[in-house]
Amino acid sequence: MHRHVSLLVVVALLVCGVAAAASPDKPVWPTNFVSPFGLYVAFPSVVNGSADFYYKYDSLAQAQLIDYQQHCIPLVHWDAVGHPCQLFFQPSGIYVHQPATGLECCQLVADVGAVPPEFLKPFTFDSVQQNITDMYGDSHTTNYWTGPDDFAYWTDATTGFDVRFKDGPTGITWRWGNFDVKEQSVDTFKLPNPNCSKKCGFLGKAQEMSASEMLPLFADP
Numbered sequence: 000m001h002r003h004v005s006l007l008v009v010v011a012l013l014v015c016g017v018a019a020a021a022s023p024d025k026p027v028w029p030t031n032f033v034s035p036f037g038l039y040v041a042f043p044s045v046v047n048g049s050a051d052f053y054y055k056y057d058s059l060a061q062a063q064l065i066d067y068q069q070h071c072i073p074l075v076h077w078d079a080v081g082h083p084c085q086l087f088f089q090p091s092g093i094y095v096h097q098p099a100t101g102l103e104c105c106q107l108v109a110d111v112g113a114v115p116p117e118f119l120k121p122f123t124f125d126s127v128q129q130n131i132t133d134m135y136g137d138s139h140t141t142n143y144w145t146g147p148d149d150f151a152y153w154t155d156a157t158t159g160f161d162v163r164f165k166d167g168p169t170g171i172t173w174r175w176g177n178f179d180v181k182e183q184s185v186d187t188f189k190l191p192n193p194n195c196s197k198k199c200g201f202l203g204k205a206q207e208m209s210a211s212e213m214l215p216l217f218a219d220p
C-alpha cells in the first residue's frame with residue numbers, strides 16, 4: 000500500500016515538473032528603454048520599415064512613443080503607409096502625428112495608454128518555436144505566446160529578450176532589435192502641440208472611423 004502511495008506521489012511530482020517546464024516565466028520590460036524594430040505590413044506591403052520604440056513607465060511618466068521613420072501603419076489613415084508618423088501613448092489615449100496626411104496631432108483612440116512592464120500578462124504560453132528571426136535576421140529559439148484577439152509574441156527561450164510581435168489580425172508584425180536600457184527624458188513623450196484632442200479622420204480631416212470600424216479593412220483574409 001505504501002509503495003502504491005509513494006508511486007502516485009512520484010508521478011504527481013513528475014507531472015508538476017513537466018507542467019512547470021512547459022510554462023516559462025513571462026519576461027518583464029525594464030521601466031526605461033529605447034529599441035529599434037523592423038515594421039512588416041501585409042497590405043499595403045512593408046518589409047523591414049525603420050522604426051523606434053521609446054518607453055518610460057515610472058513615477059515620472061507612463062508613456063510610450065512609436066516613431067515610424069519610413070512607413071506608418073495603415074490603421075491611421077488611408078494614405079498613411081506612404082509616409083512616416085509618430086504614435087504617442089498617453090494615459091488619456093493614443094495620438095497620431097503625421098503632417099503629410101493632414102493629421103497634425105489628433106487622437107486615434109481614447110483611454111488607451113502605454114503597455115505596463117508586465118506586457119505579457121494577458122498572454123498564454125503556447126509552444127517553443129525554432130528559427131524565428133529578429134530585425135537583424137538573427138535566428139532564435141523562442142517561447143511563443145498567444146494573447147486575446149489573435150495577438151502573438153515571441154521571446155528568446157534562453158534570454159527572454161523580445162524577438163517578434165504580431166498585432167492581432169491587422170497583418171502588422173514587428174521584428175525587434177536590441178533594447179538600449181537607459182533613462183528616457185519626459186520631454187521625449189510630450190505631444191507635438193497642445194491641441195491634440197480632436198479625433199483623427201481615417202478618410203480625411205472631417206471624417207472619422209472608430210478603431211472597431213477600421214480593423215476589418217486590414218484584417219487578414
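For the sequence shown, numbering that gives the first Met the number 0 gives the first residue as 0, with consecutive numbering after it.
Every residue, glycine too, gets a C-beta built ideally from N, C-alpha and C.
Within a Cβ cutoff of 6 Å, which residues of the same chain sit near residue i, ignoring the five residues on either side of it in sequence?
i, result
"Glu117", "Val27"
"Pro35", "Asp51, Gly176"
"Phe178", "Phe32, Ser34"
"Tyr54", "Phe32, Gln63"
Out of the options, point me to the one whose CA is closest to residue i's CA.
i, options, result
"Leu119", "Asp51, Asn194, Trp144, Thr169", "Trp144"
"Ala79", "Thr172, Val40, Asp57", "Val40"
"Pro98", "Thr123, Val45, Gln85", "Gln85"
"His96", "Ser138, Leu38, Asp66, Gly159", "Asp66"
"Pro115", "Gln89, Tyr135, Tyr94", "Gln89"
"Cys71", "Ala60, Gln61, Phe87", "Phe87"
"Val127", "Val180, Pro168, Gly159, His82", "Gly159"
Using three-state DSSP, classify residue i as helix, strand or coil.
i, result
"Ser34", "strand"
"Gly112", "coil"
"Gly92", "strand"
"Asp221", "Shown here, the chain extends from 0 to 220; a query on residue 221 therefore has no answer."
"Met0", "The predicted model places Met0 with a pLDDT of 47, which falls under 50 and marks its position as unreliable, so this point remains unresolved."
"Val27", "coil"
Return the first residue and the last residue of the beta strand (DSSP E) that residue i is part of.
i, result
"Cys84", "84 to 89"
"Phe52", "45 to 56"
"Ala62", "61 to 67"
Tell me which residues share the same chain as residue i and place their Cβ nearer than 7 Å to its Cβ, disregarding the 5 neighbours each side in the sequence.
i, result
"Glu182", "Asn31"
Could you name the residues of the same chain whose beta carbon sits closer than 8 Å to that of residue i, not counting the 5 residues immediately before and after it, in chain order?
i, result
"Cys199", "Val75, His76, Val95, Leu102, Cys105, Gln106, Leu107, Glu207"
Just list the alpha helix (DSSP H) runs in the segment 124 to 175, keeping only unbroken ones of 4 residues or longer that don't cross its boundaries, in chain order. none
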